[in-house]
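Report on one structure; see the data block that follows.
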Amino acid sequence: MLLTLSWLVPLVGALLLLLVGNADGRRDGMIRWLALGVSLIAFAVTLGVWAAFDPASAEFQFVERHSWIPQFGIDYFVGIDGISLLLVVLTGFLTPIALLSSWGSIERKVKEFSIFILALEAAMVGVFISLDLFLFYVFWDAMLIPMYFLIGIWGYDRRVYAAIKFMLYTMAGSVLMLVAILGMAYLHSAATGSYTFDLLKLYSLDIAPQTQMWFFLAFTLAFAIKVPLFPFHTWLPDAHVQAPTAGSVILAGVLLKMGTYGLLRFSFPLFPEAAAYFAPWLALLAVIGIIYGALVAMVQPDMKKLVAYSSVSHLGFVVLGICAMNTQGMQGAVYQMLAHGVSTGGLFLMVGMLSDRRHTRLIAEFGGLKTVMPQFTAAFLIMTLASIGLPGLNGFVGEFLIMLGAFRWAPAFAVAAGLGVILSAVYMLWMFQRVFYGPVTHEANETLTDLQPREWAGVLPLCAMALVMGVFPTIFLKPMEASVDALVLRMQATQTVQVEIPVDRRPDDERRLTTVTERVARR
Amino acid sequence: MLALIPLFPLLGFLVNALFGRRLSKTVSGGVASAVMVASFAVSAFTVWGLAGLPVEERAIDQTVYTWIASGDFVLDLALRLDPLSAVMILVITGIGSLIHIYSTAYMHDEVDSEFARYFSYLNLFAAFMLVLVLGANFLVMFVGWEGVGLCSYLLIGFWFKKPSAIDAGKKAFVVNRIGDYAFILGMLLLFARFGTLDFQQLAAVVAGIPPEVGVFGVLSIASLLLFVGATGKSAQIPLYVWLPDAMEGPTPVSALIHAATMVTAGVYMIGRNAVLFSHAPETLMIVAVVGALTALMAATIGLVQNDMKRVLAYSTVSQLGLMFLAMGVGAFGAGIFHLYTHAFFKALLFLGSGAVIHALHGEQDIRNMGGLKKDLPITYWTFLIGALAIAGVPLLSGFFSKDELLFEAFREGHTVLWLMGAVASLMTAAYMFRLVFLTFHGERRHDAPAPVHQLEDESAAQAHDDSHGAGARPHDAPPAMAFVLIVLALGSVLAGYVGVPHALGGHNQLAAWLAPSFAAPGGVAEGLHVLSEGEAALEFTLMGVSTAIALGGIAIAVLIWLRRPQIAASMAERYPVVHRWLLNKYYVDEAYDATVVQPIRVGSERALWRGFDVRVIDGAVNGVGAIVAGSANILRLLQTGMVRTYAGSMLIGVVFILGYYLWR
Numbered sequence: 002m003l004l005t006l007s008w009l010v011p012l013v014g015a016l017l018l019l020l021v022g023n024a025d026g027r028r029d030g031m032i033r034w035l036a037l038g039v040s041l042i043a044f045a046v047t048l049g050v051w052a053a054f055d056p057a058s059a060e061f062q063f064v065e066r067h068s069w070i071p072q073f074g075i076d077y078f079v080g081i082d083g084i085s086l087l088l089v090v091l092t093g094f095l096t097p098i099a100l101l102s103s104w105g106s107i108e109r110k111v112k113e114f115s116i117f118i119l120a121l122e123a124a125m126v127g128v129f130i131s132l133d134l135f136l137f138y139v140f141w142d143a144m145l146i147p148m149y150f151l152i153g154i155w156g157y158d159r160r161v162y163a164a165i166k167f168m169l170y171t172m173a174g175s176v177l178m179l180v181a182i183l184g185m186a187y188l189h190s191a192a193t194g195s196y197t198f199d200l201l202k203l204y205s206l207d208i209a210p211q212t213q214m215w216f217f218l219a220f221t222l223a224f225a226i227k228v229p230l231f232p233f234h235t236w237l238p239d240a241h242v243q244a245p246t247a248g249s250v251i252l253a254g255v256l257l258k259m260g261t262y263g264l265l266r267f268s269f270p271l272f273p274e275a276a277a278y279f280a281p282w283l284a285l286l287a288v289i290g291i292i293y294g295a296l297v298a299m300v301q302p303d304m305k306k307l308v309a310y311s312s313v314s315h316l317g318f319v320v321l322g323i324c325a326m327n328t329q330g331m332q333g334a335v336y337q338m339l340a341h342g343v344s345t346g347g348l349f350l351m352v353g354m355l356s357d358r359r360h361t362r363l364i365a366e367f368g369g370l371k372t373v374m375p376q377f378t379a380a381f382l383i384m385t386l387a388s389i390g391l392p393g394l395n396g397f398v399g400e401f402l403i404m405l406g407a408f409r410w411a412p413a414f415a416v417a418a419g420l421g422v423i424l425s426a427v428y429m430l431w432m433f434q435r436v437f438y439g440p441v442t443h444e445a446n447e448t449l450t451d452l453q454p455r456e457w458a459g460v461l462p463l464c465a466m467a468l469v470m471g472v473f474p475t476i477f478l479k480p481m482e483a484s485v486d487a488l489v490l491r492m493q494a495t496q497t498v499q500v501e502i503p504v505d506r507r508p509d510d511e512r513r514l515t516t517v518t519e520r521v522a523r524r
Numbered sequence: 033m034l035a036l037i038p039l040f041p042l043l044g045f046l047v048n049a050l051f052g053r054r055l056s057k058t059v060s061g062g063v064a065s066a067v068m069v070a071s072f073a074v075s076a077f078t079v080w081g082l083a084g085l086p087v088e089e090r091a092i093d094q095t096v097y098t099w100i101a102s103g104d105f106v107l108d109l110a111l112r113l114d115p116l117s118a119v120m121i122l123v124i125t126g127i128g129s130l131i132h133i134y135s136t137a138y139m140h141d142e143v144d145s146e147f148a149r150y151f152s153y154l155n156l157f158a159a160f161m162l163v164l165v166l167g168a169n170f171l172v173m174f175v176g177w178e179g180v181g182l183c184s185y186l187l188i189g190f191w192f193k194k195p196s197a198i199d200a201g202k203k204a205f206v207v208n209r210i211g212d213y214a215f216i217l218g219m220l221l222l223f224a225r226f227g228t229l230d231f232q233q234l235a236a237v238v239a240g241i242p243p244e245v246g247v248f249g250v251l252s253i254a255s256l257l258l259f260v261g262a263t264g265k266s267a268q269i270p271l272y273v274w275l276p277d278a279m280e281g282p283t284p285v286s287a288l289i290h291a292a293t294m295v296t297a298g299v300y301m302i303g304r305n306a307v308l309f310s311h312a313p314e315t316l317m318i319v320a321v322v323g324a325l326t327a328l329m330a331a332t333i334g335l336v337q338n339d340m341k342r343v344l345a346y347s348t349v350s351q352l353g354l355m356f357l358a359m360g361v362g363a364f365g366a367g368i369f370h371l372y373t374h375a376f377f378k379a380l381l382f383l384g385s386g387a388v389i390h391a392l393h394g395e396q397d398i399r400n401m402g403g404l405k406k407d408l409p410i411t412y413w414t415f416l417i418g419a420l421a422i423a424g425v426p427l428l429s430g431f432f433s434k435d436e437l438l439f440e441a442f443r444e445g446h447t448v449l450w451l452m453g454a455v456a457s458l459m460t461a462a463y464m465f466r467l468v469f470l471t472f473h474g475e476r477r478h479d480a481p482a483p484v485h486q487l488e489d490e491s492a493a494q495a496h497d498d499s500h501g502a503g504a505r506p507h508d509a510p511p512a513m514a515f516v517l518i519v520l521a522l523g524s525v526l527a528g529y530v531g532v533p534h535a536l537g538g539h540n541q542l543a544a545w546l547a548p549s550f551a552a553p554g555g556v557a558e559g560l561h562v563l564s565e566g567e568a569a570l571e572f573t574l575m576g577v578s579t580a581i582a583l584g585g586i587a588i589a590v591l592i593w594l595r596r597p598q599i600a601a602s603m604a605e606r607y608p609v610v611h612r613w614l615l616n617k618y619y620v621d622e623a624y625d626a627t628v629v630q631p632i633r634v635g636s637e638r639a640l641w642r643g644f645d646v647r648v649i650d651g652a653v654n655g656v657g658a659i660v661a662g663s664a665n666i667l668r669l670l671q672t673g674m675v676r677t678y679a680g681s682m683l684i685g686v687v688f689i690l691g692y693y694l695w696r
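Line order of the protein sequences matches chains W and H.
Every position in the first sequence, counted from 1, becomes a number in the numbering used here once 1 is added.
Every position in the second sequence, counted from 1, becomes a number in the numbering used here once 32 is added.
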């Protein structure tokens, strides 16, 4: 029940807000507090789930199952393992911050805005906890609607274009995924005589390699767009730039992780043979994305776009880690998802604060802000360094583990991905320098106010989290360990069936590129 | 206990970072200096304890907690004090304390919050530097390695309103990152191959592998990658370009970070992995050659630079090159010995130049100096001692260490490298005394306060306005600075006596102390090389050569820059090309900009972003959109909204379907 609460609380909160009459906007204040209160309760629920979670077990926990559409074997079936647990907590953590960020900037339709944010949270949590493919798909598409409106109503000048682009891109992927999901149920029926959308049952379905390929591609395309993986990324800069701050924070912090989560939860374990076949290609796209995203980020004149492209680069690392399919790669990938949620969420939050003050996000419009906003500058520096991957902050742990995992799998990918380490310093520090250092060049910047207490309330938890995740990463690595190991084992089991282990291989979880190519060659 | 050593400065950092803007200068400077002294005291105490242990047990370990654990990759935040790190922590906390004290006077004209910010960075630097040298495995070292890079970035750009300073800071960070990239790959390779990043365990494993003579195997590749990392941090070819620019930072920062400690991290790293590098002789050869080339190249540039701090910066690059030369020929002890003596005299020289700059209201160009000897006696005499030490004049610290490393290079049969080192030393003596003569001797070429404040550097301008009347005679270093200069001058004289060579009847205690750190754990430390009679004679001869070089270099300086200043000018005229190349540092910065920086920037903007992203991908997406919209426009015509049309078309449809089934 606790797990169901974690998505039901925000949904009920959203419905309650519907009942509040606020035609003249006089209850805006109350609505803001109510929404914040609901999101904090939801966060408390997710923390409760974490507290009760048994990290030693790789099984799905807090499992709940109710029959929904029995004719087709569709259930309300939820549960979490170590991977989804942390993502649910991340969602719970970021939503109050997103709501807080809107206090200064959203003046119009506060009630509707708060409702959409809470509904979005409910859908996001739902995505992470669904163990029934049909349920998953319902949440997955439900998530699009509030996001569409958030961008389309409260966004900046080109919001409608961005919202539609976001919608179309994502829908294009979703449709294919829907077909594949229905196909899965059909496959199960063909094999056993009954339909099911139960993920765990489908895990044990034996699918012919050739069929796997198609299914894998259908699922993966949907997720790749969401990640976004190069070259499906162009919706992201537009969506981010046009979205209101809260939308950007959630988009970067949680929504992008849906894609990589989908790879981890569905594409790879459902179709392990296809995954092994396509992993090098996916990794190639990921590595291109790392370098490409960084290079394009470097030349952006708009801060939000810069951070958006940096997400393409960072999410490339996540996909690379997943493709490595070993413990370090996968744990690093999950860790990087969390770290990116915190640091990029934080960057968008703070860029939003600048944008609220100056109504522009162009780097050239700023300069010398350190003189007028020293506290803001210090906090922004921490987020910048976290994003760069400085050891001791959150970004480093994930990146290093991913590179280690990738190196053990296929060193060339790690070598190429490592270039991202150099480039991230270039584009982030360059932006930092142009915005905060130097003399104050625009008169309008001379009177900017430093961080206000309410803004600190959003920034401080993020800075603290960046530090905690960098210094004590085991807090987050431990709960996911068993689940990731089980996943790695599952992936490797299918791969090692036909391949003899080379003599010089270290035991444990190492997987080399040769294994894959040998297999491919054998086919 | 070990953890306390970096914790003290970390505490100082927190105090100044969190409450600094509310603290007076006395408190923030006092706290920052006090934590350094406390750290020094703890260091001295623990090293004393270490020295009390029998030679083969000289290591103190402390595991603080498990930092990262993922599958078989389990990494502890572990510290280890052994003879090598003992030398390093004493240098860092000792010289670090002095420079903190010096800074309280040097930076005194900053406003309170800036003063506190300065000391918070400086303390944070010390903490990371101590983590770097105390780390028991590569990743903990890397934490310090990146951390000091960050502090270096922040301190170079401390005067953040000055565009050149922030550019220099960013350049330092990015160039270092290039090295760090290689460093990370080196770590990955080592872990993937040997399953550990712990220095001791790694040394133990590597010791069991035959050295890769004539082949370029895993050890060679890994050590080469690590060395590339070192060329970044320690400013060697090809990544040295950031260090001269780093002189934009406050001078005490140049002394501490860009002379005495951080830039020696690469040398330390090789010493820390002496076993690994000894098993990769091919890499070692590269290290030696790069070191020698850097030493020579930087020395030639140093000959013609006119900015006082830049001369010292190139001198640092050159001296670091000599250290790498020593490491590369396998004389690890000699390299660390030079690192240690260099910390004293180079810190002294920088702080001395800081006293000059302070007295001259920020003037750094030696062409505007001269004749300062009388006005700045303490600065002059201490600076002179530093110059004598770096020149390698006998009986001062630089003589012993430089002599030892050159001798080792010669003894190992690297005659050419030895010659390069010797020539670099000759030039060092020459340009150092050029600096001394042009700054302190001769005529005053400077009377009015320098026009530095054209730079939008309010804080510095303010600084000098309150304390000096315009046109006043420059006055010597204030007490806190003078004290530090004198202590470091004493150090520059005496520091070398821990390594008096056997040829002079000494015992080279430092080499004996360090030896266990360069040996594989459990293995017997290679007995110190006992010199044969012939070698002793050779050492004696080379010592004579070294002395001749030092004195010769000084003599050249006397001739050119003291007695006949016109020679310098006429030489510049006679060889304009050479002079221009040297003055412009061989145009390396320009070459990097043209071949790397600009192509990447322009290519990213034009080809990737505006070309590929916007045209190709979005073009394709919008193209699809246009097709959909176009076809929708045609289909729209069917949506007439007229019920009769719909009914009619339905009828036609029904007829067709029925007809099909009936016909069949």
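All residues carry an ideal CB built from backbone N, CA and C; glycine is no exception.
In this text, all values refer to a predicted model and were calculated from it rather than measured experimentally.
| Check | Outcome |
| --- | --- |
| Please give me, in chain order, every unbroken run of the alpha helix (DSSP H) with length at least 4 that falls completely inside the stretch 202 to 246 of chain W. | 210 to 227 and 236 to 243 |
| Please report the distance separating the alpha-carbon of H/H500 from that of W/S314. | Reliability fails at H/H500, whose pLDDT of 45 lies under 50, so the model's placement of it is uncertain and the value that follows must be treated cautiously. H/H500 and W/S314: Cα-Cα distance of roughly 52 Å. |
| Establish whether the CB of H/T95 and some CB of chain W are separated by less than 8 Å. | no |
| Tell me which residues share the same chain as H/A101 and place their Cβ nearer than 8 Å to its Cβ, disregarding the 5 neighbours each side in the sequence. | L107 |
| Can W/F1 and W/I403 be called in contact, C-beta distance under 8 Å? | Summary: the structure shown does not reach residue 1 of chain W, with chain W confined to residues 2 through 524, and so no result is reported for it. |
| Give me the chain W residues within the contact set of H/V653, using Cβ-Cβ distance strictly less than 9 Å, ordered along the chain. | K166, L169, Y170, T235 and W236 |
| If the criterion is Cβ atoms closer than 8 Å, does the pair W/G74 and W/A181 meet it? | no |
| Does any residue of chain W bring its CB to less than 8 Å from the CB of H/D277? | no |
| So, for H/A312: in the same chain, excluding its five sequence neighbours on each side, which residues have a beta-carbon less than 6 Å away from its beta-carbon? | E244, L251, S252 and S255 |
| Please identify, using Cβ separations under 8 Å, the residues of the stretch 408 to 429 of chain W that lie next to chain H, in order along the chain. | F408, R409, P412, A415, V416, G419, L420, V422, I423, A426 and V427 |
| To the nearest angstrom, report how far apart W/A277 and W/L420 are at their CA atoms. | 25 Å |
| So W/H67 is in the beta strand (DSSP E); what residue range does that whole segment cover? | Q62 to I70 |
| Is it buried or exposed, H/H699, if we count other Cβ atoms within 10 angstroms and call 16 or more buried? | Since the first residue of chain H shown is 33 and the last is 696, residue 699 of chain H is not available in this structure. |
| What separation, rounded to the nearest whole angstrom, lies between the Cα atoms of W/F224 and W/L265? | 10 Å |
| For the stretch 200 to 216 of chain H, list every residue whose C-beta sits within 9 Å of some C-beta in chain W, in sequence order. | G201, K202, F205, V206, N208, R209, I210, D212, Y213, A214 and I216 |
| Please report whether the beta-carbon of H/F46 lies at a distance below 8 Å from any beta-carbon of chain W. | Per the sequence shown, residue 46 of chain H should be read as Leu rather than Phe. For H/L46, the answer is no, since every Cβ of chain W falls outside 8 Å of its Cβ. |
| Going by DSSP in three states, W/D303 sits in which element: helix, strand or coil? | strand |
| Is the Cβ of H/M33 closer than 8 Å to any Cβ of chain W? | no |
| Does H/I100 get closer than 8 Å to chain W when you measure Cβ to Cβ? | yes |
| Counting beta carbon pairs with one atom in the stretch 429 to 440 of chain H and one in the stretch 367 to 375 of chain H, are three or more of them shorter than 8 Å? | yes |
| Could you name each continuous alpha helix (DSSP H) segment of 4 residues or more that falls completely within the stretch 146 to 200 of chain H, going from the start of the chain to the end? | 170 to 188 |
| With DSSP as the reference, label H/P282 as helix, strand or coil. | coil |
| Can you find a C-beta in chain W that's less than 8 Å from the C-beta of H/G189? | yes |
| Quick one: is W/L478 near chain H, going by C-beta distance under 8 Å? | yes |
| Identify which residue in H/R304, H/S310, H/L542 and H/L640 has its Cα closest to the Cα of H/N169. | H/R304 |
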